[in-house]
Amino acid sequence: MNSVIYRGPKKWIILAPALIILVAMTIYPIFNVLIVSFQDWNLLKSPEPSGLIGFDNYTRAFQDPDFWNSVGVTLIFTIMSVSLSIIIAIAIALQLYPKGIYRTILKACLIFPYAISPALKGYTWRFMLNPHYGIIDKILGTLIPSLQDVVLLGTKSGALFWLAYTEIWGWAPFIALVFIGALDMIHPDVFAAAKIDGVNKYQMLRFVKIPLILPVLLMVTLLKTIFSVKVFDQILTLTNGGPGQSTEAINFFIYKNGFKFFEMGYASAQSVLLILFMIVFAGVYIKTVMKGDSNA
Numbered sequence: 007m008n009s010v011i012y013r014g015p016k017k018w019i020i021l022a023p024a025l026i027i028l029v030a031m032t033i034y035p036i037f038n039v040l041i042v043s044f045q046d047w048n049l050l051k052s053p054e055p056s057g058l059i060g061f062d063n064y065t066r067a068f069q070d071p072d073f074w075n076s077v078g079v080t081l082i083f084t085i086m087s088v089s090l091s092i093i094i095a096i097a098i099a100l101q102l103y104p105k106g107i108y109r110t111i112l113k114a115c116l117i118f119p120y121a122i123s124p125a126l127k128g129y130t131w132r133f134m135l136n137p138h139y140g141i142i143d144k145i146l147g148t149l150i151p152s153l154q155d156v157v158l159l160g161t162k163s164g165a166l167f168w169l170a171y172t173e174i175w176g177w178a179p180f181i182a183l184v185f186i187g188a189l190d191m192i193h194p195d196v197f198a199a200a201k202i203d204g205v206n207k208y209q210m211l212r213f214v215k216i217p218l219i220l221p222v223l224l225m226v227t228l229l230k231t232i233f234s235v236k237v238f239d240q241i242l243t244l245t246n247g248g249p250g251q252s253t254e255a256i257n258f259f260i261y262k263n264g265f266k267f268f269e270m271g272y273a274s275a276q277s278v279l280l281i282l283f284m285i286v287f288a289g290v291y292i293k294t295v296m297k298g299d300s301n302a
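FYI, in our numbering the residues of the sequence shown are 7 to 302.
What follows is the structure in structure tokens.
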């Protein structure tokens, strides 16, 4: 099959619909948020920005303890959800990697937790964790009677744990499918040769399987980190940021300032800080990965 290469104005005509959507849905909103972040704008006082105030909104964010609380919550949540999702996904992938009929059926079922929308996951787990009629409460109460009717979302550490757990529950099976696909790309003779050399299961995992799927592992880690940092739906439907501000991640904190307190300028400044952080993080991460590949 001969490939067609478009040159000159024709290629821009073909790309125009995608470029228009990209500008309208991504680039314009980012620039608009950047402009608003330098303005004083409270919707309760005025439907339009009151004027430029320089870096006052950014200074306010760095001096706001609630902002730093949201940064800390986001950091803890991200570390928990990313690390445990990757570890559990690797364990699932290793169990389901060899081909078989029942394993094929199980792999098909792994997509369902990821397919559920984050908002629905939050509502579902909130119902299951209810201390009066939730199934999780009933199971824990049966296994550990002292936990019967305990409000699992009533403590700061408990709420953050269960919030992270709902994220892990949805992501780990999907990441496992990605790892299974990466393992399928490795020729079976590689594993056969390693077995002939006398490696055990632990050595096979550490020195053969993990290094061979490392590029996929690093990319999945980056994507999972980005999605964890911008978590919002599950917080809104599961904990609403509580108890107190224990699950108030930065995305939810920005939402609260912009759409509850109507501090549009302040919320925009926080959004810009979040965007800058993600750009720097992604840049450093990718540079590190590329440096590691070149050294290898």
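Backbone N, C-alpha and C define an ideal beta-carbon position, used for all residues, glycine too.
Predicted, not measured: the structure shown is a model, and the values here were computed from it.
Query: Tyrosine 272: buried (16+ other C-beta within 10 angstroms of its C-beta) or exposed?; Result: buried
Query: By how many angstroms is the C-alpha of phenylalanine 265 removed from the C-alpha of valine 157?; Result: 29 Å
Query: Quick check: tyrosine 291 and leucine 228, are their CB atoms within less than 8 Å of each other?; Result: yes
Query: For the segment 222 to 237 and the segment 82 to 93, state whether three or more C-beta atom pairs, one from each stretch, are separated by less than 8 Å.; Result: yes
Query: Looking only at C-alpha atoms, which of Phe197, Phe133, Gly204, Ile20 sits nearest to proline 217?; Result: Phe197
Query: What is the rounded straight-line gap between the Cα of alanine 67 and the Cα of alanine 99?; Result: 42 Å
Query: Return helix, strand or coil for leucine 21, following the three-state DSSP convention.; Result: helix
Query: Flag this pair as yes or no: are the beta carbons of isoleucine 232 and alanine 255 separated by less than 8 Å?; Result: no
Query: Would tyrosine 120 and isoleucine 186 qualify as a contact pair, given that the criterion is a beta-carbon distance under 8 Å?; Result: no
Query: Strictly under 8 Å for the Cβ-Cβ distance: is leucine 224 near chain D by that measure?; Result: Structure shown: chain D not included; a single protein chain is present.
Query: Find the nearest neighbour of arginine 58 within the set Gly250, Ser43, Lys262, judged by alpha-carbon distance.; Result: Rather than arginine, the amino acid found at residue 58 in this sequence is leucine. When each option's Cα is compared against that of leucine 58, the closest is Ser43.
Query: Assuming leucine 183 and isoleucine 117 make a contact with CB atoms under 8 Å, what is their CB distance in whole Å?; Result: 7 Å
Query: What residues in its chain sit with their C-beta under 7 Å from that of leucine 244, if we drop five residues either side in the sequence?; Result: Gly128, Trp131, Arg132, Leu169, Thr172
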